[in-house]
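Following: one structure in structure tokens, then a few remarks.
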Amino acid sequence: MSAIQKFEEIKAWQKARDLTNEIYHVSKKGEFTKDFTLQNQIKKASISIMLNIAEGFARKTDREFKQFFAYAHGSCAEVQSALYIALDQKYISQKQFDILYLKSEEVSKMIMNFSQYLSKSLKIK
Numbered sequence: 224m225s226a227i228q229k230f231e232e233i234k235a236w237q238k239a240r241d242l243t244n245e246i247y248h249v250s251k252k253g254e255f256t257k258d259f260t261l262q263n264q265i266k267k268a269s270i271s272i273m274l275n276i277a278e279g280f281a282r283k284t285d286r287e288f289k290q291f292f293a294y295a296h297g298s299c300a301e302v303q304s305a306l307y308i309a310l311d312q313k314y315i316s317q318k319q320f321d322i323l324y325l326k327s328e329e330v331s332k333m334i335m336n337f338s339q340y341l342s343k344s345l346k347i348k
């Protein structure tokens with residue numbers, strides 16, 4: 224495996240970008256647009272996933288990289304929780320929820336797998 228040169232090469236960041244774009248798309252429609260608090264929070268949480276991966280990479284230390292991956296992982300859970308609110312308020316359909324939740328779960332798993340890789344290969348605790 225070749226070394227990652229830029230944060231844009233990190234698969235979890237790429238998937239988080241896709242998730243963020245979809246969150247923006249669904250939150251621009253219908254009643255969702257009127258719930259400024261939830262709309263803002265779910266967008267901020269999805270953005271936070273991408274930004275924390277990028278910031279962790281830029282820190283150039285394995286320990287900080289892993290720490291920022293933990294922040295990104297927490298933001299994934301925040302997106303998932305906000306999706307439940309959007310579903311309960313009928314801002315999104317069950318199908319939209321399922322798709323977005325699955326994507327956020329995929330990002331979450333990728334983040335955890337990369338973090339575990341860092342821990343094992345670099346002996347970070």
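Count along the sequence shown from 1, add 223, and you get the number used in the numbering used here.
Glycine is no exception: its CB is placed at the ideal position from the N, C-alpha and C atoms.
Just so we're clear, the structure is a prediction, and the values are computed from it rather than from any experiment.
Exercise. Considering only residues of the same chain and omitting the five flanking positions on each side of residue 298, which have a CB-CB separation below 7 Å?
Worked result: So the qualifying residues of the chain are 268, 271, 272, 275.
For this session: Please confirm if the segment 277 to 297 is in contact with the segment 242 to 250, defined as three or more CB-CB distances below 8 Å between the two stretches.
Result: Between the segment 277 to 297 and the segment 242 to 250, the count of C-beta pairs closer than 8 Å stays below three; the two stretches do not touch.
Problem set entry | residue 196, enclosing alpha helix (DSSP H) - first and last residue | Because the chain here runs from 224 to 348, residue 196 falls outside it and cannot be looked at.
Exercise. In three-state terms, what does DSSP make of residue 348?
Worked result: Note that residue 348 scores 49 on pLDDT, short of 50, meaning its location in the model is unreliable; the coordinates nonetheless yield the value given after this. Reduced to three states, the DSSP call for residue 348 is coil.
Exercise. Run through DSSP, which three-state label would residue 250 get?
Worked result: coil
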